[in-house]
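Trainee: Here it is, the structure in full.
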Ligand SMILES: Cc1ncc(COP(=O)(O)O)c(C=O)c1O
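Chains as they are written, first to last, in this note's numbering: chain W, 9 to 156; chain P, 37 to 445.
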């Protein structure tokens, strides 16, 4: 049983993304940069977005964290790149529903991020998967507030 | 095979709902409770429950005398010189906060210094930081030596007559080291500094003698020494407690209340406002009885033996990095470690699936994590109910971690 259990959390794609995450690093002159901490474990994520005309033109992240948080950041940034702020907000809501709601019905728009469904069974790890999405939400909020 | 002669005293280990044996290796966070403590709580609530000091009736008097008897027990347990030097609190955190906010708050100035160490738990660090911000005093840190123990030379170098208080943990909750608190106190007193010792990880593991240490204040929690949660002790030298300002005012701590002013009771009640955690204190009494019955030197000996075994098994895994001393005997039942290249959270999840309960995170010691330059680590901590099977279970699970993450499941 344990191996099945482990593999529902650590799907192969998560292991791969966690080992070698996409969009890791710094943007030149980002529109917004958000640093978030996971206070229970000391993990940090810095998310940078370049936005013009309400579109996320580019996105990068850096920081330290577990495989789940690194993989989530890698897959989220891939998914969000090129999306409008409104689309991004909807995806964030969909992701958080998926990870907390047992009756969640697959939302195809989440694409690769759907592999984090298994995290639901590991309540202590939900924060790891959502950290980068929370940083995204904060970034969007910040942009919307400063642009009035 | 090291077997625990104490394990059968702890019902927790015999009430497992799951088939999987669980290895509880997180006693530094909180200990399991012996049946004598649990039974004492049941007994108190069935036979003696009444508020203390207030009733003229027999039950209240019985509760009061039981409650006050624990104060004597604590006095003897840590060898305080007077029973009025024992103040009940809700735990180490509250004790330390009262010391900072009730004693030192108005006594420091901007040219003073506060000396603590980089290994302090947040509850012996953040309040001092607040004091430094409030008074403008300098908060200075003693570093570690090359064996990741408290650097005594660095302590001596940072000690001077501007230092008004030295606050130090007796045993580190991450490095597991036992600090030379008696020597520290002697040195600090030469410069007129007061000494505060955080005893959270020492109580229930080592014989503590506050007169021998000669510290000015000592703080500990009951729940890390077999007592219920929500009860702790603040020890202070009488002349200092006399000067301490209560942080809570209310019932039981007053002697006479007028329209505009109030006179207060003497120690210890002056510092214990409101209805106390009566059952908690009584549970603490039962826990101290149990510790006395087991004998602290035998407890220390047993945990040392088990720690040595865990240490040897851990270092035999090449990917394991241990923090703290390279010498097993310098770890008081606590070993913090990481596995090269695998985040401690990922390790802890696999361990949990394998029934092994260790802590992963910064252990309320973020300054120490920064100092060691790691984001987090794993920690195993042992007590008398642990045995060799717990260690074996951990080691087998760690091999599983390596198989899973290093060799792609
Ligand atoms: C060294 C140390 N100090 C202080 C504390 C705080 O104790 P409590 O949470 O019981 O107040 C702990 C417990 O985690 C500790 O290990």
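Don't be surprised by glycine CBs; every beta carbon is placed ideally from N, CA and C.
With a threshold of 8 Å between beta-carbons, can residue 385 (chain P) be considered close to chain W, or not?
Mentor: Along the second chain, one-based indexing puts residue 385 (chain P) at 349. Judged by the 8 Å Cβ criterion, residue 385 (chain P) is in contact with chain W.
Trainee: How would you label residue 70 (chain P), buried or exposed, when you count the other beta carbons within 10 angstroms and need 16 or more for buried?
Mentor: Start at 1 with the first residue of the second chain, and residue 70 (chain P) comes out as number 34. Result: buried.
Trainee: Enumerate in chain order the residues of its own chain whose CB-to-CB distance from residue 445 (chain P) is below 6 Å, with the five nearest sequence positions on each side excluded.
Mentor: Translated into the one-based positions of the second chain, residue 445 (chain P) becomes position 409. Summary for residue 445 (chain P): the model assigns pLDDT 45, below 50, so the residue's position carries little reliability; its value from the coordinates is reported in the next sentence. Correct list: empty, nothing qualifies.
Trainee: Using a cut-off of 7 Å between C-beta atoms, extract the partners of residue 16 (chain W) located in chain P.
Mentor: Here residue 16 (chain W) is taken as the residue at index 8 of the first chain, counted from 1. Those within 7 Å of residue 16 (chain W) in chain P number zero; the least Cβ separation is about 11 Å.
Trainee: Would you call the CB atoms of residue 241 (chain P) and residue 401 (chain P) closer than 8 Å?
Mentor: The residue given as residue 241 (chain P) occupies position 205 in the second chain. The residue given as residue 401 (chain P) occupies position 365 in the second chain. No, these two residues do not count as a Cβ contact at 8 Å.
Trainee: When the Cβ atoms of the stretch 394–409 of chain P are set against those of the stretch 40–49 of chain P, are three or more pairs found closer than 8 Å?
Mentor: No, they do not touch.
Trainee: Could you tell me which whole beta strand (DSSP E) segments of length 3 or greater appear in the stretch 20–63 of chain W?
Mentor: Counting only runs of 3 or more, we get 40–46, 51–60.
Trainee: With three or more C-beta pairs closer than 8 Å as the rule, is the stretch 58–66 of chain W touching the stretch 34–45 of chain W?
Mentor: Touching, yes, given that three or more Cβ pairs across the two stretches are closer than 8 Å.
Trainee: Is there a Cβ of chain P sitting closer than 8 Å to that of residue 51 (chain W), yes or no?
Mentor: For the purposes of this step, residue 51 (chain W) is taken as the residue at position 43 of the first chain. Yes, contact with chain P.
Trainee: On a Cα-Cα basis, can you pick out the residue from P:373, P:331, P:233, P:154 that is closest to residue 349 (chain P)?
Mentor: By one-based count along the second chain, residue 349 (chain P) stands at place 313. Minimum Cα distance to residue 349 (chain P) is reached at P:373.
Trainee: Which whole-angstrom value is the C-beta distance of residue 288 (chain P) and residue 277 (chain P), which I expect to be below 8 Å?
Mentor: As a working note, residue 288 (chain P) is residue 252 in the second chain. As a working note, residue 277 (chain P) is residue 241 in the second chain. Rounded, the Cβ-Cβ distance is 17 Å, inconsistent with contact.
Trainee: Can you pull the DSSP bridge partners for residue 151 (chain P)?
Mentor: Position 115 of the second chain, counted from the first residue, corresponds to residue 151 (chain P). Looking at the DSSP assignment, residue 151 (chain P) forms a beta bridge with P:176, P:202.
Trainee: Could you have a look at residue 445 (chain P) and say whether DSSP puts it in helix, strand or coil?
Mentor: On the second chain, position 409 is the one that residue 445 (chain P) refers to. Only weak support exists for where residue 445 (chain P) lies, its pLDDT of 45 falling under 50; the coordinates are left without a value.
Trainee: Just to confirm, are residue 155 (chain P) and residue 202 (chain P) a CB contact at a threshold of 8 Å?
Mentor: Translated into the one-based positions of the second chain, residue 155 (chain P) becomes position 119. Translated into the one-based positions of the second chain, residue 202 (chain P) becomes position 166. Result no, Cβ atoms of residue 155 (chain P) and residue 202 (chain P) do not sit closer than 8 Å.
Trainee: Below 7 Å, is the gap between the Cβ of residue 259 (chain P) and the nearest heavy atom of ligand 1?
Mentor: On the second chain, position 223 is the one that residue 259 (chain P) refers to. Checking every heavy atom of ligand 1 against the Cβ of residue 259 (chain P), one is found closer than 7 Å.
Trainee: Determine the chain P residues that contact residue 48 (chain W) at a beta-carbon separation under 7 Å, and present them in chain order.
Mentor: Your numbering for residue 48 (chain W) matches position 40 in the first chain. Within 7 Å Cβ-Cβ: 397.
Trainee: Does any heavy atom of ligand 1 sit closer than 7 Å to the C-beta of residue 16 (chain W)?
Mentor: In the first chain, the residue the question calls residue 16 (chain W) occupies position 8. Incorrect: residue 16 (chain W) has no Cβ contact closer than 7 Å to ligand 1.
Trainee: Report the rounded CA-to-CA distance for residue 88 (chain W) versus residue 99 (chain W), giving the unit in angstroms.
Mentor: Residue mapping note: residue 88 (chain W) aligns to position 80 of the first chain, counting from 1. Residue mapping note: residue 99 (chain W) aligns to position 91 of the first chain, counting from 1. The alpha-carbon atoms of residue 88 (chain W) and residue 99 (chain W) are separated by roughly 8 Å.
Trainee: Pairing CB atoms from the stretch 16–31 of chain W with CB atoms from the stretch 73–84 of chain W, are three or more of them under 8 Å?
Mentor: Contact holds: three or more Cβ-Cβ distances are below 8 Å.
Trainee: Indicate whether residue 178 (chain P) and residue 191 (chain P) have their beta-carbon atoms separated by less than 8 Å.
Mentor: Working through the second chain from its first residue, we reach residue 178 (chain P) at position 142. Working through the second chain from its first residue, we reach residue 191 (chain P) at position 155. Result yes, Cβ atoms of residue 178 (chain P) and residue 191 (chain P) sit closer than 8 Å.
Trainee: So does the stretch 265–280 of chain P actually touch the stretch 410–429 of chain P, counting three or more Cβ pairs closer than 8 Å?
Mentor: Segments in contact, no.
Trainee: What's the gap between the Cα of residue 113 (chain W) and the Cα of residue 129 (chain W)?
Mentor: For this step, residue 113 (chain W) is matched to residue 105 along the first chain. For this step, residue 129 (chain W) is matched to residue 121 along the first chain. Their Cα atoms are separated by approximately 16 Å.
Trainee: For residue 328 (chain P), is the beta carbon positioned less than 7 Å from some heavy atom of ligand 1?
Mentor: Reading the second chain from its first residue, position 292 is the one you call residue 328 (chain P). Outside the cutoff, so no.
Trainee: Below 6 Å CB to CB, which residues in the same chain sit around residue 143 (chain W) once its five sequence neighbours on both sides are set aside?
Mentor: The residue you call residue 143 (chain W) lines up with position 135 of the first chain. Same-chain partners within the cutoff: 42, 44, 53, 55.
Trainee: To the nearest angstrom, how far is it from the Cα of residue 376 (chain P) to the Cα of residue 357 (chain P)?
Mentor: Here the question's residue 376 (chain P) lines up with position 340 in the second chain. Here the question's residue 357 (chain P) lines up with position 321 in the second chain. Taking the straight line joining both Cα atoms gives about 7 Å.
Trainee: Within the continuous beta strand (DSSP E) that includes residue 89 (chain P), where are the two ends?
Mentor: Here residue 89 (chain P) corresponds to residue number 53 of the second chain, with the count starting at 1. Counting along the chain, residue 89 (chain P) falls outside any beta strand (DSSP E), and DSSP gives it neither H nor E.
Trainee: Quick check on the DSSP output: the beta strand (DSSP E) that includes residue 417 (chain P) runs from which residue to which?
Mentor: Working through the second chain from its first residue, we reach residue 417 (chain P) at position 381. It spans 413–417 - the beta strand (DSSP E) in which residue 417 (chain P) sits, taken as one unbroken run.
Trainee: Please determine whether the Cβ atom of residue 128 (chain P) lies at a distance below 7 Å from any heavy atom of ligand 1.
Mentor: To locate residue 128 (chain P), count along the second chain from 1; it is residue 92. True, at least one ligand heavy atom lies under 7 Å from that Cβ.
Trainee: Look up residue 38 (chain P) in the DSSP assignment and say whether it is helix, strand or coil.
Mentor: Looking up residue 38 (chain P) in the second chain gives position 2. Residue 38 (chain P) falls in the coil class under three-state DSSP.
Trainee: Can you tell me whether residue 96 (chain P) is helix, strand or coil according to DSSP?
Mentor: On the second chain, residue 96 (chain P) is found 60 positions in, with the first residue counted as 1. It is helical.
Trainee: Measure the CB-CB distance between residue 129 (chain P) and residue 159 (chain P) and report whether it falls below 8 Å.
Mentor: In the second chain, counting from the first residue as 1, residue 129 (chain P) sits at position 93. In the second chain, counting from the first residue as 1, residue 159 (chain P) sits at position 123. Yes, the pair counts as a contact, with Cβ atoms nearer than the cut-off.
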